[in-house]
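Each residue of the sequence shown is one higher than the last, beginning at 142 in my numbering. Ideal placement from N, C-alpha and C gives every residue a C-beta, glycine not left out. Note that the structure is a prediction, hence the values are computed from the model and not measured. What follows is one structure encoded as structure tokens, with my remarks underneath.
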Amino acid sequence: MENNPSSSRTDRKTIERNRRNQMKALYTKLNSLVPHRTPMEATSLPDQLDEAANYIKRLQTNLEKMKERKDSLMGIEKPPSNTGMSSGRTMEGFRSPQIEVREIGSALEVVLITGLDFQFMFNETIRLLHEEGAEIVSASFSVVHDTVFHTIHSKVGDSDQVGNGAARISERLKKFVHDDSAF
142 MENNPSSSRT
152 DRKTIERNRR
162 NQMKALYTKL
172 NSLVPHRTPM
182 EATSLPDQLD
192 EAANYIKRLQ
202 TNLEKMKERK
212 DSLMGIEKPP
222 SNTGMSSGRT
232 MEGFRSPQIE
242 VREIGSALEV
252 VLITGLDFQF
262 MFNETIRLLH
272 EEGAEIVSAS
282 FSVVHDTVFH
292 TIHSKVGDSD
302 QVGNGAARIS
312 ERLKKFVHDD
322 SAF
């Protein structure tokens, strides 16, 4: 093994030169991605980095504003930040449950809208429908952000009992949802 100091020094110079060239290429690429208010003029490297950092911050702020606007257009409420919640629960996914019951002939359509923190309500709704003698035909759900939409289609007994049964089931479901929304 040769221990030539001049070779070692040359290798270090070459490595350093390559590193500087690579950094210069990366700075140039970063600078090309940032829109400039003034035409390209000689700007110092710290100023270019400052401008890029400010641009990224503006993009983040605009993104947050757009998300809030989208949520407001979709009717999704943003709850206040973690106030009034105990035992370590966060407000993320918290939404007061809502229920809508439609009677369609001998069928009953139940739409339950909850937050992620009310997962048990779907099971309880199915249990309540069974208690009232309704036959579950289909059940599905979809999740959009922190909102869960449950749809349950069921068949309610004989045609003589449909009106009474549907009204009773609807009343029990609404009472159940509104009593449990205090969680």
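C-beta contact flag for residue i and residue j at 7 Å
i           : j           : result
residue 240 : residue 273 : no
residue 287 : residue 246 : no
residue 278 : residue 294 : yes
residue 297 : residue 308 : no
residue 267 : residue 290 : no
residue 292 : residue 252 : yes
residue 238 : residue 262 : yes
residue 313 : residue 269 : yes
Sequence-distant residues of the same chain with beta carbon closer than 7 Å to residue i, five excluded per side
i           : result
residue 183 : none
residue 303 : Note that residue 303 scores 49 on pLDDT, short of 50, meaning its location in the model is unreliable and no value can be drawn from it.
residue 175 : 192, 193, 196
residue 186 : 168
residue 153 : none
Beta-carbon proximity list for residue i, same chain, < 8 Å, skipping 5 on both sides
i           : result
residue 227 : Low confidence applies to residue 227: its pLDDT is 40, below 50, so where it sits in the model is not reliable, and the reading given next is rough at best. There are no such residues.
residue 147 : none
residue 271 : 277
residue 161 : none
residue 275 : 249, 295, 296, 297, 298, 306, 310
residue 315 : 240, 242
residue 188 : none
Beta-bridge partners of residue i, as assigned by DSSP
i           : result
residue 291 : 253, 282
residue 297 : 275
Close-in-space but distant-in-sequence residues of the same chain around residue i (CB under 6 Å, 5 per side omitted)
i           : result
residue 281 : 292
residue 243 : 250
### Task
Kindly confirm or deny that the region 157-171 and the region 182-193 touch, where touching means at least three C-beta pairs closer than 8 Å.
yes
### Length at least 3, wholly inside the region 236-278: the beta strand (DSSP E) runs in chain order
239-245, 248-256
### Query
Of all the alpha helix (DSSP H) runs that stay within the bounds of the region 169-221, which reach a length of 4 or more residues?
186-215
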